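Have a look at the structure below before the remarks.
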Amino acid sequence: MIDIMASAAVATDANQTEQEHHDSLQAHFQPNISADEIEQVFHLKRAQPLLQVFTALFHGGFDGVLVRLLVLRELASDAATSAYTRADINTKLAYLLPESLETVLLRLRSNQLLAWDAQQGVYRVTPMARNVLSAIDSLLGLGQTEDEAEMGFLLSQVAGAQAVGGVSVEQLQHLLGRLVDLTEEFSDAIASGSEFRLRTAQAKWNMACDWVEKGSQILVAITSDENADSATHKAAQAIGRAQSKLLNMQGMFSRALNQIERQRVHLGQSGLSTTDIKRWLLLHEDLASLAEGAIDQPVVPLFSTPAEMIDVAETELLSERAAGVINTGLPSGEDAPTTISDGPVMQLELDDLLERLSNFASLGNFPSIGEEGPKSVPVQDSLLPASFAVASYRASMLPLLGDVSEASLQGSTAELARLPITFTPTDEMVQLTDPHVAAMSIASLSLNVSLDLDSGTADE
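Written out as structure tokens, the structure reads:
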């Protein structure tokens, strides 16, 4: 009878506790909405044991979280044994205070992260604790790598789930959401028109494409799996479309950078541009330090007292002024001053570059029969030898090659745009032995055979 009454009391307490939890959860929802009607609430409540484990680990301040993870990782890292006596734990974690260690062990034990075997008097790390530590270690390991696209962890979760046949729609949706975020971020960078923002976004895009290439095989396996449900197939197909949209942004980056290259402002005949100045300024953490020594001595103001002002006024009033002769005739003619324009000099440089590239496009540079692809030459062979200013000017003209809008106009730049030559730049640099130019971006000029054949300039 006593056992029956005790069991009834325990059941009553459990029901009261469950009702209190339900009431506290319902307090966050609208009065006419039941929390149990929400699908995600059902899934989260079903995972309550696992979520309570995370609550036990991460509830409270950062210092307490760090000590709990430290103790659990130390115990789980020893693969030689699976059972620890209290003496073993005290020896292994002797650098902790006994009071702090006791508090952590009690918290881990009460939340099923550590299991106490009363018969043998030892602690054991539970399977749930190892799963939680494995997920945390995976996230920490990928967080230390240079993954600016932040896709490595999501893709690893999908790959691991696919390997064991348990990939879920939620995991695919997380990966799809990250791809959509990256696409919007890159679109905003292209629309901004900022060269530095474009360069940064392009580097991040290259890393994202590497992850896309690694994930393509996983998506093929998911879409070809006959056991996968329709929701999984739809999510995988949506990821494939998002990846295609992301890969197609290469042309958008190239057009935006070429547009910036055409609008680049050069500072006189120095060959430097505003981009070079900004890049140089970004290398200095303290811009105010650049003004040190710019002014040799402070400006000394000069003040006039009333006595000096009166003396000057009396001198002006009492001095005899010569009456000005009024001449109503026209002034005599003068020769116009001689000026020298820099325009012809730039035109000569442009004509010289046009002649260089025209010779490349017409004199024996077509591929031979059976040869694969058009011949290409390093860009420095067409720009050098020349001074730094002339080489910079020639390099600034190369993005016009193949520009359709410029080719429809008239003039030397239009002739340059109509040449059947393809300019292929890269972001890497090559060291040169030229006396004026120490290094230059790795790029090449190649003959566009299809364009040249269409224009009818190639010999059959």
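The working numbering puts the first residue of the sequence shown at 32, with every later residue one more than the last. For each residue, glycine too, the CB sits at the ideal point set by N, CA and C. All values reported here derive from a predicted model rather than from experimental measurement.
Using the C-alpha atoms, what's the distance from A78 back to Q268?
29 Å
Is it the case that the stretch 138-153 contacts the stretch 75-89, given that we only count it when at least three CB pairs across the two stretches are under 8 Å?
yes
Are there 16 or more other CB atoms within 10 angstroms of the CB of Y126, so buried, or fewer, so exposed?
exposed
Proximal residues to V135 (C-beta, below 7 Å), its chain only, five neighbours per side dropped:
V98, R99 and V102
Cβ of A262 within 8 Å of Cβ of V200?
yes
Pair within 8 Å by beta-carbon distance, V421 and E380:
yes
Own chain residues within Cβ distance below 8 Å of T157, not counting five before or after
Q143, L144, L145 and A146
Assuming contact is defined by CB atoms lying nearer than 8 Å, are L476 and S407 in contact in what I supplied?
yes
Assuming S193 and A252 form a contact by the criterion Cβ under 8 Å, report the distance between their Cβ atoms to the nearest whole angstrom.
Before going further, note that residue 193 is Gln rather than Ser in the sequence given. So it is a contact: roughly 6 Å between Cβ atoms.
Run the CB neighbour count on A114, radius 10 Å, all protein chains shown included, and call it buried at 16 or more, exposed below.
exposed
Closest to Q294 by CA distance: which of V96, L431 and Q441 is it?
L431
Quick one: measure Cβ to Cβ for A470 and Q462, integer angstroms, because I've assumed they're closer than 8 Å.
5 Å
Does DSSP put I291 in a helix, in a strand, or in coil?
helix
R228 CB to nearest chain C CB: under 8 Å?
Annotation note: the requested chain C is absent from the structure, which comprises a single protein chain.
Which of helix, strand or coil does DSSP assign to S407?
strand
To the nearest angstrom, report how far apart V343 and L349 are at their CA atoms.
10 Å
Should F338 go down as buried or exposed, given a rule of 16 or more other Cβ atoms within 10 Å for buried?
Going by the sequence as given, residue 338 is Ala instead of Phe. A338 comes out exposed.
Is the separation between the beta-carbon of R228 and that of A220 shorter than 8 Å?
yes
Return the residue from the list Q378, L277 and S413 that minimises the CA-CA distance to R387.
S413
From the DSSP output, in three-state form, read off S477 for me.
strand
Span of the beta strand (DSSP E) holding R155?
V153 to V156
Does the beta-carbon of M460 have 16 or more other beta-carbons within 10 angstroms, so that it is buried, or is it exposed?
exposed
For Q204, collect the residues of the same chain with a Cβ closer than 7 Å to its Cβ; drop the 5 residues on either side in sequence, then sort them by chain order.
A266
If I measure Cβ to Cβ from I249 and keep anything under 7 Å in the same chain, skipping five residues before and after, which residues do I get?
V189, A190 and Q193
Would you tell me roughly how many angstroms separate the C-alpha atoms of I497 and Q83, rounded to the nearest one?
Residue 497 lies beyond the stretch modelled for the chain, which goes from 32 to 491, so this question has no answer here.
Residue nearest to T116 in terms of C-alpha spacing, selected from D458, R155, P416 and L478:
R155
Can you tell me which of the three DSSP states Y115 falls into?
strand
Pair within 8 Å by beta-carbon distance, M283 and W242:
no
For the alpha helix (DSSP H) containing I452, list its first residue and its last residue.
Careful: I452 lies outside any alpha helix (DSSP H), inside the beta strand (DSSP E) at I452 to Q462.
Are the Cβ atoms of E437 and A426 separated by less than 8 Å?
no
Which residues mark the beginning and the end of the alpha helix (DSSP H) in which D317 is found?
No alpha helix (DSSP H) contains D317, which DSSP labels as neither H nor E.
What's the call for G152, buried or exposed, on a 16-neighbour Cβ count within 10 Å?
exposed
Classify L429 as buried or exposed, calling it buried when 16 or more other Cβ atoms lie within 10 Å of its own Cβ.
buried
For Q378, count neighbouring C-beta atoms within 10 Å of its own C-beta (all shown protein chains included) and say buried if the count is 16 or more, exposed if not.
exposed
Considering only DSSP beta bridges, list what W311 is partnered with.
In the DSSP output, where bridge partners are listed per residue, W311 has none listed.
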